[in-house]
Amino acid sequence: MRLFTLVLSASSIFLAISCNNKKATATSLFEITIKNLQKTYTPADNFNVSLLNKENTTIDSLAYFIGSKKLESSIKNTEVNISLENEKLGNRVLHAKIYSGTTVYEISKKITVLSSITPKLYSYSIIEEYPHDTNAYTQGLEFKNDTLYESTGQYKNSSLRKTNFKTGEIYTKIPLDDAYFGEGLTILNEKIYQLTWREKIGFIYDLNTLRKTGSFVYGKSKEGWGLCQDGAHIYKSDGTQKIWKLNANTLDEEGFIEIYTNSSKIKSVNELEWVNGKIYANIYLRDAIAIVDPTNGAVEGVIDLTSLKNNVSVTNPKDEVLNGIAFNGEENTLYVTGKNWNKLFKIKIFEK
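Our numbering applies: residue 13 is where the sequence shown begins, and numbers increase by one.
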């Protein structure tokens, strides 16, 4: 009987400790409460937030964060107002750090931030048409000193090209190894950067000689799709709604924006071009270019190019995909083409 009593007592102590440990977890003690909770928010919104203190735990102070940015702090769990001004779009996580004696608890709550503006709609007119190699499965397009550089895809047919955009003449063609599927490219500091699709590696070339001088690997981004640059940083799409910001020296991914309109996210972001402080992004299979604010991911405009492919001849209907944006400094003017298209178009953009 005495042995049974000891066993029972030990079990009771174990259960008590287990229950106390369970009570000590942050989510069992606290919950973030947003007053008048909405399904989505915009950077123009703000809301009042406080903690639901489930076990009346002593709260000395607390602070709220989104990412590493501290937003507001509170003493004794007083309600505070959170502003989303200048916040990036997408699925964001609101964190709370709760200080109770010597213990620090952390809890979080997800919120979705959409753009606060309705995108402007743009159309186009064709200014010029130039010949384009139908064997070029265009993935990246960029001007340098009036010379057009192009990256092409498909396994066993990928390349880096230096071309005369007016005649379609290929000055130099650098084939990729058969194991690589070429993707976007950009030019910065006399270097060409070229992505591959699923191989998680990019190549670096000397601009003047087109000699390969190095390579880089992707960090957290899913795949390689499009590239552009703003003179100081490189931007990379990965086939999702994300555009990653890369350190121009190390090529490390330092963060990302998510591309959203005022109603939804924009997936399958493809070829990129930097145009007067904005990112112009092909949306795969959509025959459209999104004009994106690089600071927060808001789509400020959409260029409808649906009818452009009616002006080209392709041998395979699957090759009718619009892809390839180049900017050569002319106001409201772009050079665009598509995968295996027989033409490169110089177009003028205007608001509908």
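Heads up, the beta-carbon is just placed ideally off N, CA and C, and yes, glycines get one too.
The structure displayed is predicted, hence computed values, not measured ones.
Just the C-alpha distance for ALA108 and ASN93, rounded to the nearest angstrom, thanks.
13 Å
For LYS277, which of THR45, THR54 and ASN48 has the nearest alpha-carbon?
THR54
Determine the closest residue to ILE121 out of LEU106, SER128, TYR134 and LYS132, with distance taken between C-alpha atoms.
Here residue 121 turns out to be Lys, not Ile, going by the sequence shown. Among LEU106, SER128, TYR134 and LYS132, the Cα nearest to that of LYS121 is on LEU106.
Tell me which residues share the same chain as GLY236 and place their Cβ nearer than 6 Å to its Cβ, disregarding the 5 neighbours each side in the sequence.
GLU195, LEU207, THR208 and TRP209
Give every residue of the same chain whose Cβ lies closer than 6 Å to the Cβ of PRO306, excluding the five residues on either side of it in the sequence, and list them in chain order.
ILE291
Could you pull out every unbroken beta strand (DSSP E) segment of at least 3 residues lying fully inside the segment 257 to 338, listed in chain order?
265 to 270, 281 to 287, 290 to 295, 300 to 304, 311 to 316 and 334 to 338
Rounded to whole angstroms, what is the Cα-Cα separation between VAL326 and ILE78?
48 Å
Just to confirm, is the Cβ distance from GLY102 to GLU312 under 8 Å?
no
Any beta strand (DSSP E) of 3 or more consecutive residues that is wholly inside the segment 113 to 168:
115 to 125, 132 to 143, 150 to 156 and 159 to 164
Kindly give me the distance between the Cβ atoms of VAL314 and LEU49, rounded to whole angstroms, as I take these residues to be in contact under 8 Å.
Not quite, the Cβ-Cβ distance comes to about 30 Å (not below 8 Å), so this is no contact.
Have a look at THR45, PHE362, LEU356 and THR37 and flag the residue whose alpha-carbon is nearest the alpha-carbon of ASP145.
LEU356
Report buried or exposed for GLY64, applying the criterion of at least 16 other Cβ atoms within 10 angstroms of its Cβ.
One detail in the question is off: residue 64 reads as Leu in this sequence, not Gly. That one is exposed.
Can the beta-carbon of VAL61 be found less than 8 Å from the beta-carbon of ILE87?
no
Under 8 Å, do GLY238 and ALA302 count as touching if we go by C-beta distance?
no
Three-state secondary structure (DSSP) of SER40:
helix
Let me make sure I understand the geometry here. Which of ILE295, LYS100, THR70 and GLU285 has the alpha-carbon closest to that of TYR111?
THR70
Which first and last residues belong to the beta strand (DSSP E) in which SER86 is found?
81 to 87
Would DSSP call ILE78 helix, strand or coil?
strand
Tell me, please, which residues DSSP counts as bridged to ASP218.
LYS203
Between GLU154 and LEU197, which are expected to be in contact by the criterion C-beta below 8 Å, what is the C-beta distance as a whole number of angstroms?
6 Å
What did DSSP end up calling PHE177 once you bin it into helix, strand or coil?
coil
Nearest-angstrom Cα separation, counted from GLY289 out to ASP242
7 Å
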